[in-house]
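Residue numbers (the UniProt record's numbering), protein chains in the order written: chain F, 1 to 368; chain L, 1 to 368.
Cβ atoms here follow ideal geometry from the backbone N, Cα and C, with glycine treated the same way.
Here it is, written out as C-alpha cells:
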C-alpha cells in the first residue's frame, strides 16, 4: 500500500513518473527563510503546522530555522513526527477517545506533547488516562474566536475549563488555542484584519480573567499563513501555527495582494490523451490533486487551463496556446496544498530541473 | 506511511478507532449476489471496476460470482491486483509512458493484461515496448461515446487505430472500450437511456465497419452502476465495468428511482467537540471522506446533518433530533465511494455489530 518512489536522485524532472508530488527546493527554502526572518525579533515563535506537510524531514528544517515545535491535528500525525525526532508537538485539536489519548500519553516518553480541550468531561478523560499512564499531560483550552467550529466561548467558559485543568494533579494548563481558520481565506486584507481584531478581543479578555485567577498562559497559539502578520500586530499570540506558507497553493494565491511566499509545491502530471483540437487529458484527477478549494492551475503554460477533474483524469482546455503533446509533462499548482500532500507517499525534491531528494510523507493517511 | 488497522476481529463496532472505512458485509455480499443474478443469462459478463475498491480480496469475491476479470485505471492498480492473484486485468484507460508500459508488460507474465489506446503514436509506443519485452500485448481502442474525454470518434478513426493494432506483430486487437462516464450520474432514467442509446449507435456503427474489414471485436467494454441495465438492453456490450454497485454512495442514491443496491460502505467517525447547542463536530473532514460529489450523509440519525467539511473536521447541524454526544460514533454515507476508499489503508468488515475481518486497500494511492 506504500507506493514506490516515482523518481531517483539525479533524474531530470521530465523523467519523473506521474502523477508525482514535486517540491521546488529553491522556492521551499526561500519560504522557510522568509517566515523565520519575519518572526525574528517579534514576541512570537513559529510552531509550524504539520497538517500541511506531514513530514518529519520538513519539520526538522523548520525547527533548524527557529520553530519551537510543530502542531498536528491528529494523534497519528503526532506519532509520525515524534518517531522522526521532533521533540515538541501540540495537537491543536480535541482528542476525546481514551485509546487515542493512551497513544498520546505513551508518546510523551520521547517528545513533549500537548493537546487541546473544549469540554469538562473531555478534560476528565485526559486526566484519567494521564493518571493511569503515570504521566502529567499538558492541556490547552481551545476558544472559539470566530470560526464557529470547536472551542468554548472566550471569557468565563474558558476560565472554568482552565481551572479544571489546573486543579488536576495529572494535568498542566498549557494556555489557549485561539485559531481563526476561516479568516485565512477572506479575500481582502481589511476583512482579515477585522476578523483577527475580533479574535484578539476574545483572547485579551480571557487572558485578563485567567490572570485575575492566578493562571498564567504560557502558550497563546493560533494564526495561519493568511493572517499571521495580523496576529503579530496584536502582540498577543506567542506561537504562530502557519503551515501552508512553506508550499502555497492556488487558494492562498487568490487572497488579494501579491503573496510574499512562493509556490513551491506542484503535482507533476502527464498528457495521456489528446484526441481532439482544443483539449487534452492529464493523468491527474481529484485522486491526485485536491479540488475542495478549487481546481488546480496549470503552471507557466499560457492558454492551457485545467477545467475539469474526474477520479483519474484532468481535462485541459486549450485556447490560444500550443496544445500539450501526448506524453508531455505539466506542473499543476494545487487548489489546496494540505489534502493534496495527504494523497502521496513521497515528495520529489527538485532543483534546477533535477531531482535532488526523496522525502517520505510520513504521516500520509494519518487520520486517527 | 501504512496506517495501523483501526480494529481487530471480534470488536464491537463502537470500539473501532475513527475515522475508519467500514464495510457492512451483509449489504456488500447482497450487492455482489444481485449483480451476478442480473447478468446471468445475458450475453454480457461482469468485469468489475477495481478503481472503486482497489482490493484484490474484493476482486476475488467478484470473480467467484462469475466476473471474468477486473478493470483498473492505473498500472499501479493492475500491479496490486495481479500480485493479489487476479488473473485477468484490463487497464480501461490510456497508458502512454514507456516506463509504465514496461511495468505492464512485465506483469503479463503472471496475469492476462490488456490496455486501451486512442492515438496512433501511443499504439506504436505500446508495440515498441512489447517487442523489447518479448511479449504480445492486447490493446483495445477507446471510442468517445458521449463523455467528451478520452477516445477517438466512433467509425473510421477507430477503425484506423484497430487496423494499426492488428497490423503489429507484437499487439493483439482486443476490441472496443466504450464507456459513457457522465451518463452514470444523470438524474432521470430516461436521460440515462437516451445517453446510452447514443453511445450504442456509435458502437454499432464502429463494429459494423470493423467487421467489414475482417476485424472481430472480442471485447466491447463499458457501462457503470448507473446505466448497466441500459447497456444490457442494447445487447452490444460484452463486458460490464460496474464498480460502485458493490458499495453505493450518496451520489448514486440520488439517481432518482429506489436503488437496487444497498449502501454497504461507510466512514465511521466520532464526535470530538460539541461546545454549543444545535451543532457538533466530527473527526472526519474531507481528508477522511471525499466531497467532490457532495457532502456525506449521516446514517440513521434523523435531524442530524453533515453540513460542512474542513480538512480534519466535519460540522454537524442538529435540528429536532438529539444532539450527538461527545465521543459518540456515527456512520457517514460518503458522497462518492471511489475517492473515499482511496484515502484508507484498511477495510473494516462488520456484520451484526461486530468486526469480522480486515482487508487491505492494496492499491491505495496507486496513481501511477
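task: Give the secondary structure of residue 198 of chain L by DSSP, where H, G and I count as helix, E and B as strand, and everything else as coil.
output: helix
task: Please state if the CB of residue 358 of chain L and the CB of residue 332 of chain L are separated by a distance shorter than 8 Å.
output: no
message: By the three-class DSSP mapping on this structure, what secondary structure does residue 263 of chain L have?
response: coil
message: So if I threshold CB-CB distances at 7 Å, which residues from the stretch 260 to 272 of chain L count as touching chain C?
response: Among the chains of the structure shown, chain C does not appear; the protein chains present are F and L.
Residue range of the beta strand (DSSP E) that includes residue 93 of chain L: 88 to 94
Complete beta strand (DSSP E) runs within the UniProt domain "D-serine dehydratase-like" (264 to 351) of chain F (minimum length 3 residues, chain order): 265 to 273, 279 to 282, 304 to 309, 314 to 318, 329 to 333 and 346 to 351
- request: Report yes if the CB atom of residue 75 of chain L is closer than 8 Å to the CB atom of residue 100 of chain L, and no otherwise.
  value: yes
query: Per DSSP, what kind of secondary structure is residue 147 of chain F in: helix, strand or coil?
result: coil
field: Within chain L, partners of residue 205 of chain F - CB distance below 7 Å
entry: Residues of chain L passing the Cβ test: none, with the nearest at roughly 17 Å.
task: Can you give me the Cβ contacts of residue 135 of chain L inside the same chain, cut-off strictly under 7 Å, excluding the 5 residues immediately before and after it?
output: 105 and 108
message: Between residue 63 of chain F and residue 96 of chain L, how many whole angstroms is the CB-CB distance? I'm expecting something under 8 Å.
response: With a Cβ gap of about 42 Å, residue 63 of chain F and residue 96 of chain L do not count as contacting.
The stretch 179 to 187 of chain F touching the stretch 137 to 157 of chain F, judged by at least three CB pairs closer than 8 Å: yes
field: Positions along the stretch 223 to 235 of chain L whose CB lies within less than 8 Å of some CB in chain F
entry: none
message: Can you give me the C-alpha to C-alpha distance between residue 3 of chain F and residue 361 of chain F, rounded to a whole angstrom?
response: 11 Å
task: Specify, as a first and last residue, the run of the beta strand (DSSP E) that residue 72 of chain F falls within.
output: 69 to 72
- request: Could you tell me which residues DSSP puts in a beta bridge with residue 24 of chain L?
  value: L/350
- request: Return the first residue and the last residue of the beta strand (DSSP E) that residue 47 of chain F is part of.
  value: 45 to 49
- prompt: Under the three-state reduction of DSSP, which class applies to residue 54 of chain F: helix, strand or coil?
  reply: coil
- request: Enumerate in chain order the residues of its own chain whose CB-to-CB distance from residue 240 of chain F is below 6 Å, with the five nearest sequence positions on each side excluded.
  value: 44, 46, 223 and 228
message: Can you tell me whether residue 206 of chain L is buried or exposed? The criterion is at least 16 other CB atoms within 10 Å of its CB, across all chains shown.
response: buried
field: Distance, residue 321 of chain F Cα to residue 225 of chain F Cα
entry: 33 Å
task: Would you be able to state if there are at least three C-beta pairs under 8 Å between the stretch 344 to 358 of chain F and the stretch 13 to 28 of chain F?
output: yes
Own chain partners of residue 32 of chain F with C-beta closer than 7 Å, once the 5 adjacent residues on each side are dropped: 61, 62, 65 and 246
message: Counting only C-beta atoms, is residue 126 of chain F closer than 8 Å to chain L at any point?
response: no
query: Can you list, in chain order, the residues of its chain whose CB lies under 8 Å from that of residue 328 of chain L, leaving out five sequence neighbours each side?
result: 270 and 271
- prompt: What is the residue span of the alpha helix (DSSP H) that residue 177 of chain F lies within?
  reply: Run containing residue 177 of chain F: none in the alpha helix (DSSP H); it sits in the beta strand (DSSP E), 171 to 177.
query: Cβ of residue 165 of chain F within 8 Å of Cβ of residue 196 of chain F?
result: no
message: Any beta carbon of chain F sitting closer than 8 Å to that of residue 387 of chain L?
response: It is not possible to answer for residue 387 of chain L, since the shown part of chain L is limited to 1 through 368.
For residue 355 of chain L, three-class secondary structure by DSSP: strand
query: Beta-carbon separation of residue 370 of chain L and residue 308 of chain L under 8 Å?
result: Since the first residue of chain L shown is 1 and the last is 368, residue 370 of chain L is not available in this structure.
- prompt: Thinking C-beta only, is residue 113 of chain L closer than 8 Å to residue 78 of chain L?
  reply: yes
query: Just the Cα atoms here: how many angstroms apart are residue 276 of chain L and residue 324 of chain L?
result: 12 Å
task: Decide if the stretch 152 to 162 of chain L is in contact with the stretch 209 to 222 of chain L; the criterion is three or more beta carbon pairs, one per stretch, under 8 Å apart.
output: yes
query: Can you list the residues of chain L that residue 326 of chain F reaches, using a CB-CB cut of under 7 Å?
result: 96, 119, 121 and 122
field: Range of the contiguous beta strand (DSSP E) that encloses residue 368 of chain F
entry: Taken as a continuous stretch (DSSP letters only), residue 368 of chain F belongs to no beta strand (DSSP E), as it is neither H nor E.
- request: Report the rounded CA-to-CA distance for residue 172 of chain L versus residue 17 of chain F, giving the unit in angstroms.
  value: 27 Å
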